[in-house]
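Structure first, then comments.
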Amino acid sequence: MPSKRVIVVGAGLSGLAAAFTLQQAGFKVLVLERLNRPGGRVQTVRKQAYVIDTGPDAMTLGYREYLSLIDALDLRDRIVLSSPVMGVMRGDSIHDIDPRRPFTAAFTQALSWRGKLGLVAGAMKLRPRLQGIDSFELVESADREDPTSNAWDYSQSLFGAESTAYLIDPAIRLTTGSGARESSMLGVLGALANWTAPMINLKGGLDVLPRAIAERVPIIYGAEVTRVVDTATGATIEYRDAQNLTHTEEGDYCVIGAMYDVGCRIWEPLANLAPDFGPRLKSVKLISVSLGYNALCRSKAYAIAIPSREYPDLLLGFLQHNKAPDRAPPGCSLITFYTDTLAFDVYAEKTDAEIEAWAAGHAETLFPELKGHREICEVTRWPKAGYLATPGFWQRSRGLLRALPDQTRVQLAGDLFGAGSMESAVRWGKRAADRIIANVAQQDAIILGGDAPDL
Ligand SMILES: Cc1cc2nc3c(=O)[nH]c(=O)nc-3n(C[C@H](O)[C@H](O)[C@H](O)COP(=O)(O)OP(=O)(O)OC[C@H]3O[C@@H](n4cnc5c(N)ncnc54)[C@H](O)[C@@H]3O)c2cc1C
Numbered sequence: 021m022p023s024k025r026v027i028v029v030g031a032g033l034s035g036l037a038a039a040f041t042l043q044q045a046g047f048k049v050l051v052l053e054r055l056n057r058p059g060g061r062v063q064t065v066r067k068q069a070y071v072i073d074t075g076p077d078a079m080t081l082g083y084r085e086y087l088s089l090i091d092a093l094d095l096r097d098r099i100v101l102s103s104p105v106m107g108v109m110r111g112d113s114i115h116d117i118d119p120r121r122p123f124t125a126a127f128t129q130a131l132s133w134r135g136k137l138g139l140v141a142g143a144m145k146l147r148p149r150l151q152g153i154d155s156f157e158l159v160e161s162a163d164r165e166d167p168t169s170n171a172w173d174y175s176q177s178l179f180g181a182e183s184t185a186y187l188i189d190p191a192i193r194l195t196t197g198s199g200a201r202e203s204s205m206l207g208v209l210g211a212l213a214n215w216t217a218p219m220i221n222l223k224g225g226l227d228v229l230p231r232a233i234a235e236r237v238p239i240i241y242g243a244e245v246t247r248v249v250d251t252a253t254g255a256t257i258e259y260r261d262a263q264n265l266t267h268t269e270e271g272d273y274c275v276i277g278a279m280y281d282v283g284c285r286i287w288e289p290l291a292n293l294a295p296d297f298g299p300r301l302k303s304v305k306l307i308s309v310s311l312g313y314n315a316l317c318r319s320k321a322y323a324i325a326i327p328s329r330e331y332p333d334l335l336l337g338f339l340q341h342n343k344a345p346d347r348a349p350p351g352c353s354l355i356t357f358y359t360d361t362l363a364f365d366v367y368a369e370k371t372d373a374e375i376e377a378w379a380a381g382h383a384e385t386l387f388p389e390l391k392g393h394r395e396i397c398e399v400t401r402w403p404k405a406g407y408l409a410t411p412g413f414w415q416r417s418r419g420l421l422r423a424l425p426d427q428t429r430v431q432l433a434g435d436l437f438g439a440g441s442m443e444s445a446v447r448w449g450k451r452a453a454d455r456i457i458a459n460v461a462q463q464d465a466i467i468l469g470g471d472a473p474d475l
């Protein structure tokens, strides 16, 4: 592969996956990152002996491309299995459901017998519809989306009211950032296709992967890209450094690994490719609150599913000490709660101390054994955690994907075309890199065949 130069915008997982793939293929790469650290939305904070993932939290063995990057970076020994136990919140109680014990799970009080029968009947109807669904490339299943139906109505027609309220809506909240009424019906298929695979995680914190890539690829931090201009033969990228000085980089190609709205601002053609896509996008907005206690809570669950019917503001919970052994010191608990997207504006107005008191109220009602043991709190506000896949989102997303020109010097990475997740970010980053690699190979073939490159 000739030494072509690629400028990558953004050192999030998608930009880093693209840069690493291109570097491995022999390209010269340079990553420009606005912040002073790699990872983007992947962020791990270390506080006393707690390791707190303040952005993304959960992943499964279905994260195929993420895991192939882990292997390429020799990080396989970091992978740990998280507790498979699911905590289902109903009233002020948590019901632990352990899938390894189906007989005991069948007797859970989280659902009535009628609800359980509805669940089994719905699962049988749903099974054939899950064929071919890839949670991380839901755009490929856009023709199965009914843009007039939301996930709540779709789930009710399959599982009935009780299972929808106490299992499906919470599962949608776990994967999308808001409840089933805000989600496309495709969200039901997406949530059930991947998230039934075993949950895994990374020892040391989720920022281990972006940091490992960042050690291998050149990155300029504090570099905010303001403009990308592509021509038939390359791309010019302008950025401002931390001192507000303007610089220009020339590349044969450019990968944009930042979110869609940033892409539209810096690369002019993007907004016009699918004009009805951007104006109808809604952001996922979350606040994560992590509380460390020097006592153990009784639940063995990692993920806590929370129904919006009973707790509209409280999106979901994670008992982090059941996710990976190093997230809390021995004998301690680390509990994370998130606010729902619909509640963000109200909670964003509150102080960190008020948000801590709100979250601690929930934690200590559920687990009275923790009262008097709280020792740390970390609050992180995410006004743009991702995009909400509302009804019709996937068909609009497919429209955008089809409108993107094949032969262009600028490739989009980012997590836009799968439900926002670390796996979709890695996949679309690698895909952007593969398209550039294929483009160069195609040109070489033309040159070797004696024809002029045709872009
Ligand atoms: C609170 C929260 C919870 C989540 N939970 C999960 C979860 O449990 N599981 C899961 O798999 N995923 C989860 N996600 C989603 C996951 O974090 C993202 O899908 C993924 O990290 C996106 O990676 P990315 O590279 O596409 O974008 P980003 O991580 O946003 O990276 C984009 C990068 O571009 C940089 N940038 C932006 N503008 C410019 C510019 N003009 N010039 C230069 N650089 C720029 C940004 O600073 C950033 O570093 C969660 C996200 C959040 C916020």
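Each residue of the sequence shown is one higher than the one before, counting from 21 in our numbering. Glycine is no exception: its CB is placed at the ideal position from the N, C-alpha and C atoms. Predicted model only: the values in this text are computed from it and were never measured.
For E160, same chain residues with a beta-carbon under 7 Å away, outside a window of 5 residues either side, are D154 in chain order. Here the C-alpha atom of I220 lies approximately 14 Å from the C-alpha atom of S441.
Residues of the same chain with a CB within less than 6 Å of the CB of G82, apart from the 5 flanking positions on each side, are N214, A217 in chain order.
Of the residues D189, R98, T124, the one whose Cα lies closest to the Cα of R110 is D189. Ligand 1 approaches I286 closely enough that one of its heavy atoms is under 7 Å from the residue's Cβ. The C-alpha of G351 lies about 13 Å from the C-alpha of L339.
If you check the C-beta of G412 against ligand 1, you find no heavy atom less than 7 Å away. Under the DSSP assignment, H267 falls in the beta strand (DSSP E) whose first and last residues are 266–271.
For I114, the CB contacts under 6 Å within the same chain, skipping 5 residues up- and downstream, are G107, S319, L386 in chain order.
If you look at A363, you'll find it isn't in any beta strand (DSSP E); DSSP assigns it neither H nor E. The alpha-carbon separation between L334 and D94 amounts to approximately 38 Å. Taking 8 Å as the cut-off, the Cβ atoms of L436 and A325 do not count as close.
Leaving aside the five residues that flank Y174 on each side, the residues in its chain whose CB is nearer than 6 Å to its CB run, in chain order, M205, V208. Annotation for C397: the continuous beta strand (DSSP E) segment containing it runs 394–407.
The continuous beta strand (DSSP E) containing F338 extends over residues 334–339. Looking at the DSSP output, I27 bridges to L50, C274. With a beta-carbon spacing of about 7 Å, E53 and I240 fall inside the 8 Å limit used to define contacts. The stretch 417–434 and the stretch 266–278 touch, with no fewer than 3 CB-CB distances between them shorter than 8 Å.
With a cutoff of 7 Å, A278 counts as near ligand 1, since its C-beta is closer than that to a heavy atom of the ligand. The alpha carbon of F40 has as its nearest neighbour, out of A291, R84, G449, the alpha carbon of G449. Of the residues F127, L87, E374, L55, the one whose Cα lies closest to the Cα of E244 is L55. A344 has its alpha-carbon roughly 25 Å from the corresponding atom of R447. Residue nearest to A321 within the set H341, T80, I307 is H341 (criterion: CA-CA distance). Annotation for A130: no beta strand (DSSP E) segment contains it, and DSSP assigns it neither H nor E.
Following the DSSP letters along the chain, one finds F179 inside the alpha helix (DSSP H) bounded by residues 171–179.
Contact check between the stretch 260–271 and the stretch 220–239: fewer than three CB pairs, one atom from each, fall below 8 Å, which does not count as touching. Residue range 353–359 is occupied by the beta strand (DSSP E) that includes F357.
Fewer than three beta-carbon pairs drawn from the stretch 71–91 and the stretch 282–293 are found closer than 8 Å, and the two stretches are therefore not classed as touching. Spatial neighbours of G30 in its own chain (CB-CB distance under 6 Å, excluding positions within 5 residues in sequence) are listed in chain order as G277, A278. The residue among R347, L158, A252 with its C-alpha nearest the C-alpha of W414 is L158.
Per DSSP, L386 lies in no beta strand (DSSP E) segment; the continuous alpha helix (DSSP H) that holds it begins and ends at 372–386. In this structure the stretch 389–398 touches the stretch 309–317; the number of beta carbon pairs closer than 8 Å is three or more. Secondary structure at Y83: coil, using DSSP grouped into helix, strand and coil. With a threshold of 7 Å, the Cβ atom of V29 counts as near ligand 1, since some heavy atom of the ligand is closer than that.
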